[in-house]
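If you're matching them up, the sequences are chains A and B in order.
Quick note on my numbering: the first sequence kicks off at 1 and runs consecutively.
Quick note on my numbering: the second sequence kicks off at 1 and runs consecutively.
Beta carbons are placed, not taken as given, at the ideal position from N, Cα and C, and that holds for glycine.
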Amino acid sequence: MTAAALAASIALPVIPASPASAYATNGCRWGGNTINWNFYQSTNSTYETAIKNAAASWNVTQFSYSYVTSGFPPVRANATYYGTTGWDGLTQYTCSSSGFFNPTVGVLVNRTYTDGEPAHEIRSIAAHEFGHALGLAHTGDESTPCSSMHLMNHFTDARYERCGVYTPQPDDINGANAIY
Amino acid sequence: MRAMKLLTICAGLTITAACGGQAAHGAGSRPEGPVTVLHASRATNYASLDELATASTMIVVGTAGSSHVENLGGVDFTVTDVTITDPTSSSPSQIEVRQTGTAGDLTDPSELSPILSRGKQYLLYLQPFELQKGQPTGEYVIVGDEGVWEAGDSGAYQLTVTQTGLPETVKVSDSPNGIVVIPGQ
Numbered sequence: 001m002t003a004a005a006l007a008a009s010i011a012l013p014v015i016p017a018s019p020a021s022a023y024a025t026n027g028c029r030w031g032g033n034t035i036n037w038n039f040y041q042s043t044n045s046t047y048e049t050a051i052k053n054a055a056a057s058w059n060v061t062q063f064s065y066s067y068v069t070s071g072f073p074p075v076r077a078n079a080t081y082y083g084t085t086g087w088d089g090l091t092q093y094t095c096s097s098s099g100f101f102n103p104t105v106g107v108l109v110n111r112t113y114t115d116g117e118p119a120h121e122i123r124s125i126a127a128h129e130f131g132h133a134l135g136l137a138h139t140g141d142e143s144t145p146c147s148s149m150h151l152m153n154h155f156t157d158a159r160y161e162r163c164g165v166y167t168p169q170p171d172d173i174n175g176a177n178a179i180y
Numbered sequence: 001m002r003a004m005k006l007l008t009i010c011a012g013l014t015i016t017a018a019c020g021g022q023a024a025h026g027a028g029s030r031p032e033g034p035v036t037v038l039h040a041s042r043a044t045n046y047a048s049l050d051e052l053a054t055a056s057t058m059i060v061v062g063t064a065g066s067s068h069v070e071n072l073g074g075v076d077f078t079v080t081d082v083t084i085t086d087p088t089s090s091s092p093s094q095i096e097v098r099q100t101g102t103a104g105d106l107t108d109p110s111e112l113s114p115i116l117s118r119g120k121q122y123l124l125y126l127q128p129f130e131l132q133k134g135q136p137t138g139e140y141v142i143v144g145d146e147g148v149w150e151a152g153d154s155g156a157y158q159l160t161v162t163q164t165g166l167p168e169t170v171k172v173s174d175s176p177n178g179i180v181v182i183p184g185q
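The following block contains the structure:
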């Protein structure tokens, strides 16, 4: 079996909803509807504002992120230089045997790619990662038309640069509400 | 939809060591306890070999050797020694290739390339790894984290990532100007 076939056969649990819903979940969730978060380390005001707005954009759903100014909350964001890795955003977590996120979940923005980009693009990337951190998986691909584009599409050039999406779309909201 | 194809024996279950089998991120034993899951958002998607070649500083066939894990900003990266099969005068005989995550992590090939497996041969489109653009570190990364094909038994190479515009299968031959990559079998 080739590496690609093996990888395709043993992969992340992406749990799609019915075709009409067009969202997918990653099989993990929080026990409550509100989760505190803050930054691993201080960052500049552009990133701080964009990432705070990104988290808050999910508060239109039945789940909400609450920013705290100190301590070690279950979700922590970081915007730093991870290098020319190929990704501009990353979510990192472990999931318990009962299907709940273990703290700490990392929501990460790679400044190697985002420095100098519009604030809304940074917000699009961060909001997408916050979506993973509440339990959503990817939907769509590079060719998804803008009329069907979701925040949970994992190609920044399609999601934001082509379609201008930086907030949860109706199906993203439906997905969060389905979990919580 | 790609998501439909990703249901596995672990669907509906949590990501733990008990999920069984090899981690999608590469060969290797699963660590005890919950497995780290990574979701990545691609910065760039390459639609063709020509686009990939334009972004590359080096296109090589090489064999993966030993590797080590480094942590940067809370994220583990695997750095693998790659021995180039037929180095030219302008390429080194051995390089280090950095990838995100470890062989024990759980991820998706549409988001992150599977960790290079020791002893396997790969076609690699590479560019210098830079923390900040314009400042190479000496290591290399796979362009877009997409330009990687694994050698198969038939002589063809199979793309290890998914949801790109790149050919899933290519063949490689030598030429006086370096290797030539031909899409298809």
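| Asked | Found |
| --- | --- |
| Kindly indicate the opening and closing residues of the alpha helix (DSSP H) around A:R123. | A119 to H132 |
| Return the bridge partner residues of A:S64 from the DSSP annotation. | A:T34 |
| With respect to the beta strand (DSSP E) encompassing A:A54, which residues constitute its N-terminal and C-terminal limits? | Unbroken run through A:A54 is the alpha helix (DSSP H), S45 to A56; no beta strand (DSSP E). |
| Whose C-beta lies closer than 8 Å to the C-beta of B:L52 among residues of the same chain, with five residues either side of it excluded? | Y46, Y125, V143, G144, E146, G147 and L166 |
| B:N45 versus chain A: which residues are under 8 Å apart at the beta carbon? | E142, F155, D157 and A158 |
| Note down, in chain order, each residue of its chain lying with its Cβ closer than 7 Å to the Cβ of A:Y67, except the 5 sequence neighbours on either side. | W37, N38, K52 and A55 |
| A:E191 touches chain B at which residues, Cβ-Cβ below 9 Å? | Only positions 1 to 180 of chain A appear in this structure, which leaves residue 191 of chain A out of reach. |
| Can you name the start and end residues of the beta strand (DSSP E) that B:P128 belongs to? | Q121 to E130 |
| Step through the CB atoms of chain B and report whether any lies within less than 8 Å of the CB of A:N78. | yes |
| Assuming B:L123 and B:V61 make a contact with CB atoms under 8 Å, what is their CB distance in whole Å? | 5 Å |
| Roughly how many whole angstroms lie between the Cα atoms of A:T91 and A:R29? | 14 Å |
| For B:Q121, go through chain A and note every residue whose CB falls closer than 8 Å to its CB, in chain order. | What B:Q121 touches in chain A: nothing, since even the nearest Cβ is about 11 Å away. |
| Name the residue from A:S57, A:Y23, A:A50 and A:T84 whose alpha carbon lies nearest to the alpha carbon of A:I122. | A:A50 |
| Mind checking if B:R30 is an interface residue toward chain A, Cβ cutoff 8 Å exclusive? | Its pLDDT being 32, under 50, B:R30 is placed unreliably by the model, and the measurement read from it follows with that caveat. No, no contact with chain A. |
| Under 8 Å, CB to CB, which of the residues in the region 130 to 145 of chain B have a partner in chain A? | E130, L131, Q132, K133, T137, V141, I142, V143, G144 and D145 |
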